[in-house]
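J.: For the sequence shown, my numbering assigns the number 36 to the initial residue and increments by one for each residue that follows.
Beta carbons are placed, not taken as given, at the ideal position from N, Cα and C, and that holds for glycine.
Let me give you the structure first, and then I'll get to my questions.
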Amino acid sequence: MKIALIAHDKKKTDMVSFVQKNLDVFEPCELYATGTTGTILNKHTGLKINLKKSGPLGGDQEIGSMVANQLLDMIIFFRDPLTAQPHEPDVSALLRLSDHYEIPLATNLSTANYFVEALRFEMQNKKV
């Protein structure tokens, strides 16, 4: 399972907590992240994360390219809906590509929890 993890600045702490609580699901996955998010996640979880550039410096576009080339299975993107982002067009493009290529995309904790529980269920059933 190839998963991209992205978090706006005010949501990075939430992303770290979320990944820490679900290490059993993320450990066997191939993880990708925008630069700052990935660096923070690696520091706090020890997970191997393939880093892209920081979101405002093209990282969202790099993840979008992976979507367009069907190289990702899922995206978890903790967005900050109350803060204007300098790279908002890149974020919008990523959301549009995810819709077009039907890549599951969670943009908040509630949806991400559903995705992780579905993955956990799938992993447990494969072991049986």
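Who are the near neighbours of Y136 in its chain, counting only those whose CB is closer than 8 Å to its CB and skipping five residues on each side?
T.: Here residue 136 refers to the residue found at position 101 of the sequence shown. Taken in chain order, the residues that qualify are V102, A103, Q105.
J.: Select from G93, I110, S89, K45 the residue whose C-alpha is nearest the C-alpha of A119.
T.: For the purposes of this step, residue 119 is taken as the residue at position 84 of the sequence shown. Of the candidates G93, I110, S89, K45, the one whose C-alpha sits nearest the C-alpha of A119 is K45.
J.: How far does the alpha helix (DSSP H) with N85 in it extend, from its first residue to its last?
T.: Translated into positions along the sequence shown, residue 85 becomes position 50. Careful: N85 lies outside any alpha helix (DSSP H), inside the beta strand (DSSP E) at 84 to 86.
J.: Quick check on DSSP: helix, strand or coil for N148?
T.: On the sequence shown, position 113 is the one that residue 148 refers to. Looking at N148 - three-state DSSP - the assignment turns out to be helix.
J.: What ranges does the beta strand (DSSP E) occupy inside the region 47 to 92, keeping only unbroken runs of at least 3 residues that lie completely in it?
T.: As far as the region 47 to 92 is concerned, its whole beta strand (DSSP E) runs of at least 3 residues are 65 to 68, 84 to 86.
J.: For K83, which option in E97, G93, L66 has the closest C-alpha, if you only look at C-alpha atoms?
T.: As a first step, residue 83 is located in the sequence shown; it is residue number 48 there, counting from the start. Comparing Cα-Cα distances from K83 to each of E97, G93, L66, the minimum goes to L66.
J.: If we ignore side chains and look at the alpha-carbon of each, how far apart do F53 and D134 end up?
T.: The residue given as residue 53 occupies position 18 in the sequence shown. The residue given as residue 134 occupies position 99 in the sequence shown. Cα to Cα, F53 sits roughly 24 Å from D134.
J.: Using 8 Å for Cβ pairs, my map puts F113 next to M36. What's the rounded Cβ distance?
T.: Your numbering for residue 113 matches position 78 in the sequence shown. Your numbering for residue 36 matches position 1 in the sequence shown. Actually they are not in contact, since the Cβ atoms of F113 and M36 sit about 19 Å apart, beyond 8 Å.
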